[in-house]
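Peer 1: Below you will find the structure I want to go over with you.
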Amino acid sequence: RKHRAICAAALEQTQVPPELRTKVMDYLHYTARVYNTYAHSSLLNQISTPLQLEVKLHLYQAAITNCPFFVQRDQQGNMVDEVPSEVVASMVHVMSDSVYLPGDYIVNKGDIAD
Numbered sequence: 216r217k218h219r220a221i222c223a224a225a226l227e228q229t230q231v232p233p234e235l236r237t238k239v240m241d242y243l244h245y246t247a248r249v250y251n252t253y254a255h256s257s258l259l260n261q262i263s264t265p266l267q268l269e270v271k272l273h274l275y276q277a278a279i280t281n282c283p284f285f286v287q288r289d290q291q292g293n294m295v296d297e298v299p300s301e302v303v304a305s306m307v308h309v310m311s312d313s314v315y316l317p318g319d320y321i322v323n324k325g326d327i328a329d
């Protein structure tokens with residue numbers, strides 16, 4: 216709460232428009248309630264690389280293995296080909312979390328991927 220109060224005061228002091236202030240405060244409220252970015256990054260920064268990989272596998276594996284881009288399915292929706300575990304591990308190793316609000320642009324046409 217104290218952090219959000221400080222942020223709210225800073226937004227007011229810097230004369231950020233009310234609509235944008237609301238958007239920033241909604242973001243802070245959401246991340247504090249649903250996804251504690253600070254705690255998550257603190258956890259990963261304090262454990263060994265192999266443990267980081269295990270935690271990230273737990274967090275992201277389903278997202279990768281269920282993503283239509285990576286999984287081939289037949290016309291009935293049955294999985295035809297699985298994503299190799301080495302590929303999943305390689306992808307998970309470089310993944311990180313980002314939180315977006317509805318209406319935020321994640322990528323724009325013409326953006327070059329990192």
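Residue 262 in our numbering sits at position 47 of the sequence shown, with consecutive numbering throughout.
Quick reminder that beta carbons are idealized off the backbone N, C-alpha and C, glycines included.
(1) Do A304 and L258 have their C-beta atoms closer together than 8 Å?
(2) Within its chain, find whatever has a CB closer than 7 Å to the CB of F285; leave out the 5 residues flanking it on each side and keep chain order.
(3) Compare the C-alpha of Y275 against each of V307, T246, Y245 and name the closest.
(4) Within its chain, find whatever has a CB closer than 8 Å to the CB of C222; leave out the 5 residues flanking it on each side and keep chain order.
(5) What is the DSSP secondary structure of Q288, counted as helix, strand or coil?
(6) Under 8 Å by Cβ, that's how I've got R219 and A247 pegged, so tell me the actual separation to the nearest angstrom.
(7) Checking 8 Å against the spacing of the C-beta atoms, do Y245 and V322 come in under that value?
(8) Going by Cα to Cα distance, which pick from K217, N281, L316 is closest to G292?
(9) Which residue from D312, K324, G318 puts its Cα closest to that of N251?
(10) Taking C-alpha atoms, which residue in P317, R288, L235, V270 lies nearest to V309?
Peer 2: The relevant details are as follows:
(1) Your numbering for residue 304 matches position 89 in the sequence shown. Your numbering for residue 258 matches position 43 in the sequence shown. In this structure, L258 does not lie closer than 8 Å to A304 by Cβ.
(2) Taking the sequence shown and counting its residues from 1, the one referred to as residue 285 is at position 70. Hits under 7 Å: I279, V298.
(3) In the sequence shown, counting from the first residue as 1, residue 275 sits at position 60. Considering only alpha carbons, the answer is V307.
(4) Taking the sequence shown and counting its residues from 1, one reaches residue 222 at position 7. Only V239, M240, L243 meet the Cβ criterion.
(5) For the purposes of this step, residue 288 is identified with residue 73 of the sequence shown, where counting begins at 1. Before going on, a small fix: residue 288 reads as Arg here, not Gln. Residue state, collapsed to three classes: strand.
(6) By 1-based counting over the sequence shown, the position of residue 219 is 4. By 1-based counting over the sequence shown, the position of residue 247 is 32. About 7 Å separates the two Cβ atoms, so the contact holds.
(7) Walking along the sequence shown from the start, residue 245 turns up at place 30. Walking along the sequence shown from the start, residue 322 turns up at place 107. No, the Cβ-Cβ distance between Y245 and V322 is not below 8 Å.
(8) Locating residue 292 in the sequence shown gives position 77, counting from the first residue. Minimum Cα distance to G292 is reached at N281.
(9) As a working note, residue 251 is residue 36 in the sequence shown. Nearest option by C-alpha distance: D312.
(10) As a first step, residue 309 is located in the sequence shown; it is residue number 94 there, counting from the start. Checked all of P317, R288, L235, V270; the closest Cα to V309 is V270.
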